[in-house]
Structure formats: C-alpha cells, structure tokens
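Numbering (the working numbering), first residue to last: 86 to 229. Cβ atoms here follow ideal geometry from the backbone N, Cα and C, with glycine treated the same way. As the structure is a computational prediction, the values presented were derived from the model and not from experiment. In what follows, a structure is listed as structure tokens, so that the remarks can point back to it.
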C-alpha cells in the first residue's frame, strides 16, 4: 500500500491505523503472516510540507507501528493504544496491547524506521503472535 501526501488516507495514517482491505491469508496451518516495508518519503507535497515542519516529520518517522486489530477496533490511535488492537512500535521497540496493558508498552525488539521490513505473524491454533524485523524472528508471545 502506498499513501499519497494529498490523500485522506495519508492524514488518517499519520494519526491512526491504516487497515488492510482484506483479512490476512494463512501461510501454513493456523499461521497468518504479512510484511510491511517502510520505503520512506515520496511526493513533492509530502516532502515540502514536512520541510516546513521538521519536528513533525521526525515524529512521524519514529511513530510507526505494525500489528493487527479486530474489525471493530477504533482507528484513531496507534496499534495497542486502544482496545482490540496490538502492535510493535518503531519508536521504542515495544509491543502494545499485551496482557491488557492498553497504551502501555512492553520491551520487545529493536527500534525500526525507514528502510526496514517488519513482519507480523499470528498463530491462531496456539494463540501466539510473533514479529520479524528484516527477516529475523524477534520472539513470540501471547497477546491476551
């Protein structure tokens, strides 16, 4: 998915969740997995807008998260900052929404940003979640 700087989706994404159009597809029995590649800034409007607001672009690049949510989850906050959503955040390497700690992160993996590929896997049979960073599995946990 690519978000253009002049699109409504871009502005929602800056302050909330970008949700896929389709559910995850299983890669093997009970395991569902997807990856997101952060390619960086593109589009003259996006670059010129944020050159004028350099503090905001630094914040936007750091405050990215990858994860999953239930269909009814609110989309106006980062993954794991509200109920029914779980995420691994790039600004601090923490996972959110775990053990009913909504909005409070637990240390999990390295920080990530532009140029990285983050994967998210859910094993519904075992009730576990795992993330990958640039092809390396970071560990699994139970999101409950």
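6 Å Cβ shell around residue i - same chain, five flanking residues per side excluded
{"i": "residue 183", "result": "191, 228"}
{"i": "residue 202", "result": "120, 122, 219"}
{"i": "residue 105", "result": "none"}
{"i": "residue 115", "result": "208, 209, 210"}
Close Cβ partners of residue i (< 7 Å) along its chain, the five nearest in sequence each way excluded
{"i": "residue 153", "result": "171, 205, 207"}
{"i": "residue 169", "result": "154, 155, 157, 158"}
Distance, residue j Cα to residue i Cα
{"i": "residue 214", "j": "residue 150", "result": "15 Å"}
{"i": "residue 155", "j": "residue 110", "result": "15 Å"}
{"i": "residue 157", "j": "residue 167", "result": "11 Å"}
{"i": "residue 117", "j": "residue 226", "result": "15 Å"}
{"i": "residue 212", "j": "residue 179", "result": "20 Å"}
{"i": "residue 107", "j": "residue 195", "result": "28 Å"}
{"i": "residue 217", "j": "residue 173", "result": "10 Å"}
{"i": "residue 163", "j": "residue 181", "result": "9 Å"}
{"i": "residue 221", "j": "residue 112", "result": "17 Å"}
Helix, strand or coil at residue i according to DSSP, with G and I counted as helix
{"i": "residue 183", "result": "helix"}
{"i": "residue 226", "result": "strand"}
{"i": "residue 117", "result": "strand"}
{"i": "residue 142", "result": "Because the pLDDT at residue 142 is just 44, under 50, the model does not fix this residue reliably, and the value given afterwards should be weighed accordingly. Helix at residue 142."}
{"i": "residue 158", "result": "coil"}
{"i": "residue 107", "result": "coil"}
{"i": "residue 150", "result": "strand"}
{"i": "residue 196", "result": "coil"}
{"i": "residue 164", "result": "coil"}
{"i": "residue 178", "result": "coil"}
{"i": "residue 221", "result": "strand"}
C-beta atoms of residue i and residue j nearer than 8 Å
{"i": "residue 223", "j": "residue 193", "result": "yes"}
{"i": "residue 148", "j": "residue 176", "result": "yes"}
Delimiting residues of the beta strand (DSSP E) encompassing residue i
{"i": "residue 218", "result": "213-218"}
{"i": "residue 170", "result": "170-174"}
{"i": "residue 204", "result": "202-208"}
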